[in-house]
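Residue numbers (the numbering used here), protein chains in the order written: chain W, 76 to 401; chain X, 2 to 415.
Structure first, then comments.
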Amino acid sequence: MDSTRLAGRAAADAPVSAAPRRPAPARARRTARARSPQWTAWAFLAPVVAYLLLFYAYPLYRNLDLSVRDYTVRSFVSGDAPFIGLDNYREVFADKTFLPALWHTAVFTGASLLFQFSIGLALAVFFSRHFRLSVLLRALFLVPWLLPLIVSASTWSWMLNTETGVVNHLLGLVGIGPVGWLTSPDWSLAAVTLANIWIGIPFNLVVLYSGLQAIPQSLHEAAALDGANAWQRFWKISFPLLRPVSAVTLLLGLIYTLKVLDIIWIMTRGGPVDSSTTLATWSYRLGFGSMLPSFGPGAAVGNLLVVTALVFGLLYIRAERRKVLA
Amino acid sequence: MTTRAIPDRARILGAALALLTVTGLASACSSDDTKGSAASGAYTVWDPYPQFDGTAAWAKLIDKCGADAGVTIKRTAYDTTDLTNKALLAAQQGSAPDVLIVDNPVVSTLAEAGVLTTTEDTGTDVTQIVPNLLAAGQSGGRSFGIPIGANTLALYYNKEVLDAAGVDPASVKDWASLTAALQKVKAKGKKGITFSAIGTEEGSFQFLPWFWGGQGRLTQLDDANGVAALSLWEGWLKDGLAPKSVLSNTQTTSWQEFATGDYAFAENGTWQLENAKKAGFDYGIIPIPAKDGGLAPAPTGGEFVTVPVQKEAGRYTTSSKIVSCLTSGDNALTADTTLSYIAATTAIQDRQVQATPELKVWVEAVNAAKGRTSDDLGTKYPKISEQLWTAVQAALSGSAAPADALKTAQSSVK
């Protein structure tokens with residue numbers, strides 16, 4: 076069992092060790108074509124530059140532009156919306172939805188990350204033991220990830236229905252009165268967070284599982300020989316060595332969770348009365364939720380989300396750099 | 002020589018290919034040109050009926066109207082919530098369809114955006130249309146389209162549940178008698194009434210018959226009449242006469258609750274008639290009662306056939322022909338039958354009732370109905386409506402008393 080796994084590791088390591096060796100013919104060809112290396116380089120760069128400009132830079136620019144203009148339906152069509160500086164942002168900050176939405180975003184994202192990560196990690200450790208049927212079971216755990224969000228969100232809202240939902244039915248059997256999962260302002264945020272956690276676990280499981288696989292088995296064996304028990308081996312070996320993977324997982328999870336819209340929109344529309352409104356659903360509601368779209372404020376809220384994600388991204392990069400320097 | 006022969010042949014081949022491409026492009030361009038010129042080539046029609054594919058009676062009707070006007074029609078169906086933004090974007094890019102069929106409260110928004118022509122511009126006749134239905138597409142005294150038909154809301158009831166509770170549906174004449182009936186039903190262990198109070202336009206649509214039936218005004222949401230209407234709904238939820246799930250119910254999920262057979266009443270629309278026949282229990286329909294008796298004005302639902310602004314004014318003549326074809330005579334009857342709508346002209350309404358007597362209650366309801374954007378509310382309506390459904394959600398979820406919820410709503414309408 077162990078020997079086959081080690082063999083597998085060796086095979087997996089092979090391409091890594093081969094990579095630094097640059098094949099000689101390539102170098103020869105390059106000197107032959109040295110006449111216009113500049114042009115070739117640009118030619119190779121062009122597709123990705125065009126792609127980035129078209130699908131990243133331009134939409135971002137448009138979103139910024141939308142957020143600093145006073146768009147009405149008329150000026151949206153004629154394209155002559157007046158420039159109003161930061162008025163849309165001021166309007167958004169002064170809106171009575173802003174603080175609740177910000178708070179809900181923080182709670183939704185924080186709780187989702189905490190539970191997704193800890194449950195995902197627990198499952199990853201569980202599956203790294205390779206018991207019988209573990210592959211099948213692990214595949215089953217991926218199902219929430221594969222389902223289209225509209226399917227999982229609809230199923231959740233059906234299960235959590237106050238009157239006829241299966242969850243309230245089961246709670247009723249043990250004597251707990253009907254909970255207004257989607258209809259009570261006290262529960263709606265918890266309900267959408269619950270659904271989001273369920274959907275996010277497979278991602279954490281997969282990434283952390285592969286992270287665990289990359290930790291050399293010999294470390295565990297050595298620690299076991301020194302008398303460390305399973306608990307100590309996890310906290311002293313797996314968890315610290317998993318740190319880079321954990322950081323990436325959490326960062327990706329954060330960016331993903333900040334922008335979650337479909338689950339909340341399908342389950343509660345951000346309601347009742349803003350009680351499950353996050354910045355993402357608010358932005359959508361401003362832009363598309365009413366018959367009279369307010370694109371300007373909607374774009375402003377969207378930009379706030381972009382900036383938040385960017386800040387955490389930069390924090391991550393800084394932390395990485397500090398580690399490299401250390 | 003032989004070494005040069007190959008490149009030569011390749012060059013000739015390349016030139017031939019280039020020539021082919023150029024001529025191909027040129028012919029493509031010229032065919033585009035003919036498509037662009039007036040009164041020929043394909044006319045585009047957008048509608049919000051994705052449930053009808055190319056073989057449906059509706060699609061065939063559109064093709065027929067195109068053929069009558071001497072053009073071919075390219076039809077695209079969008080989900081109704083997508084259509085407003087799609088139409089706005091298309092107008093921005095100068096690629097609006099020739100004929101746009103769009104939900105009636107959206108008409109004033111699109112008109113405000115300058116996207117739609119008036120019926121006067123296109124020379125379309127609107128004299129046959131029932132005034133209260135036409136009003137939903139009017140703004141500043143001008144009409145921006147013709148209703149294809151109309152639907153509205155009424156109360157479906159389950160005969161078996163009412164019989165078991167000893168309630169005569171004919172006795173439900175006003176709010177008090179309705180509430181009394183619901184209480185009798187509840188006492189028998191059945192459920193009272195289901196509706197949709199979701200936080201979207203659907204929620205406002207369903208609340209308006211009660212709001213208007215109690216003399217509420219959309220320009221002053223928080224007066225005593227408005228509060229009375231919201232208190233009626235809130236009281237039903239508090240007393241268990243209506244389920245909590247109305248807060249997240251769309252009209253479809255609300256109907257599914259009624260279809261379980263446990264509910265005495267359901268507030269729902271004309272479009273559920275076919276499903277009612279399949280429900281497996283005896284049902285009936287009564288109009289929604291006003292507070293002190295009589296018919297409550299329900300909001301008009303249903304789409305308007307409009308003609309978006311085009312660069313070439315020459316296209317309007319043909320577009321207008323297509324619009325008239327879809328909205329008059331036998332064609333309108335076909336369209337309204339497939340859509341399960343009530344016609345927008347008295348003549349066809351009479352024919353519908355003759356053919357199907359049970360439609361009588363719906364025709365009455367449609368004639369008592371009121372456009373949401375009428376009373377010159379126009380583009381103010383969407384903002385008012387958003388606050389109204391928020392107030393409904395606040396009161397029904399218990400986060401604010403009806404009076405407070407409506408006060409907040411009124412102060413938030415800018």
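C-beta atoms are modelled at their ideal positions from N, C-alpha and C, and glycine is treated no differently.
Per-residue burial, residue i [other beta carbons within 10 Å of its own, 16 or more giving buried]
| i | result |
| --- | --- |
| residue 291 of chain W | exposed |
| residue 133 of chain W | exposed |
| residue 296 of chain W | exposed |
| residue 310 of chain W | exposed |
| residue 251 of chain W | exposed |
| residue 146 of chain X | buried |
| residue 221 of chain W | exposed |
| residue 306 of chain W | exposed |
| residue 230 of chain W | exposed |
| residue 355 of chain X | exposed |
| residue 99 of chain X | buried |
| residue 315 of chain W | exposed |
| residue 397 of chain W | exposed |
| residue 360 of chain W | buried |
| residue 304 of chain W | exposed |
| residue 129 of chain W | exposed |
Neighbouring residues, chain W, relative to residue i (Cβ below 7 Å)
| i | result |
| --- | --- |
| residue 383 of chain X | 365, 366, 367 |
| residue 63 of chain X | Neighbours of residue 63 of chain X on chain W: none; closest Cβ ~25 Å, over 7 Å. |
| residue 387 of chain X | 365 |
| residue 380 of chain X | 367 |
Neighbouring residues, chain W, relative to residue i (Cβ below 9 Å)
| i | result |
| --- | --- |
| residue 86 of chain X | 362, 363, 368 |
Closer than 7 Å at the beta carbon, the chain X residues around residue i
| i | result |
| --- | --- |
| residue 314 of chain W | In chain order: nothing, as chain X lies at least about 41 Å away. |
| residue 148 of chain W | 89, 110, 113, 114 |
| residue 344 of chain W | 199, 200, 201 |
Partners in chain B for residue i, counting only beta-carbon separations shorter than 8 Å
| i | result |
| --- | --- |
| residue 151 of chain W | In the structure shown, chain B does not exist; the protein chains are W and X. |
Interface residues of chain W facing residue i [CB-CB closer than 8 Å]
| i | result |
| --- | --- |
| residue 107 of chain X | 366 |
| residue 138 of chain X | Per Cβ cutoff of 8 Å: no residues; residue 138 of chain X is ~14 Å from chain W at best. |
| residue 244 of chain X | 237, 238 |
| residue 1 of chain X | The question about residue 1 of chain X has no answer, for chain X in this structure spans 2 to 415. |
| residue 400 of chain X | 260, 347, 348, 350 |
| residue 395 of chain X | 347, 348 |
For residue i, three-class secondary structure by DSSP
| i | result |
| --- | --- |
| residue 248 of chain W | helix |
| residue 276 of chain W | helix |
| residue 131 of chain X | coil |
| residue 104 of chain X | strand |
| residue 371 of chain X | strand |
| residue 55 of chain X | coil |
| residue 192 of chain X | strand |
| residue 285 of chain X | strand |
| residue 158 of chain W | strand |
| residue 399 of chain W | helix |
| residue 122 of chain W | helix |
| residue 94 of chain X | coil |
| residue 218 of chain X | strand |
| residue 144 of chain W | strand |
| residue 34 of chain X | For residue 34 of chain X, the predicted structure reports a pLDDT of 37, less than 50, and the residue's modelled location is therefore unreliable. The matter cannot be settled from this model. |
| residue 238 of chain W | coil |
| residue 50 of chain X | coil |
| residue 323 of chain W | helix |
| residue 262 of chain W | coil |
| residue 179 of chain W | helix |
Within chain X, the residues that residue i reaches when beta carbons sit closer than 8 Å
| i | result |
| --- | --- |
| residue 166 of chain W | Simply none; closest approach about 10 Å. |
Residues bridged to residue i (per DSSP)
| i | result |
| --- | --- |
| residue 343 of chain X | X/151 |
| residue 75 of chain X | X/45 |
| residue 300 of chain X | X/371 |
| residue 117 of chain X | X/309 |
| residue 268 of chain X | X/156 |
| residue 144 of chain X | X/139 |
| residue 290 of chain X | X/296 |
Neighbour list for residue i in chain X, Cβ cutoff strictly below 9 Å
| i | result |
| --- | --- |
| residue 245 of chain W | Those do not exist, as residue 245 of chain W stays about 17 Å from chain X at its closest Cβ, beyond 9 Å. |
Check whether the segment 136 to 144 of chain W touches the segment 343 to 352 of chain W, taking contact to mean three or more Cβ pairs, one atom from each stretch, closer than 8 Å. The segment 136 to 144 of chain W vs the segment 343 to 352 of chain W: no contact.
Evaluate contact between the segment 292 to 303 of chain X and the segment 81 to 96 of chain X, counting only Cβ atoms and requiring at least three cross-stretch pairs below 8 Å. no
Three or more C-beta pairs closer than 8 Å, one from the segment 224 to 231 of chain X and one from the segment 216 to 230 of chain W: is that the case here? no
With three or more beta-carbon pairs closer than 8 Å as the criterion, would you say the segment 295 to 304 of chain X touches the segment 197 to 213 of chain X? yes
Counting pairs of beta carbons, one from the segment 266 to 276 of chain X and one from the segment 183 to 198 of chain X, are three or more of them closer than 8 Å? Yes, since at least three Cβ pairs between the segment 266 to 276 of chain X and the segment 183 to 198 of chain X fall closer than 8 Å, the two stretches touch.
Would you say the segment 276 to 288 of chain X touches the segment 342 to 354 of chain X, given that touching needs at least three Cβ pairs under 8 Å? Result no; under three Cβ-Cβ pairs closer than 8 Å.
Specify whether the segment 268 to 278 of chain W and the segment 194 to 204 of chain W touch according to this definition: at least 3 beta carbon pairs, one from each stretch, less than 8 Å apart. Inter-segment contact for the segment 268 to 278 of chain W and the segment 194 to 204 of chain W is present: three or more beta-carbon pairs are separated by less than 8 Å.
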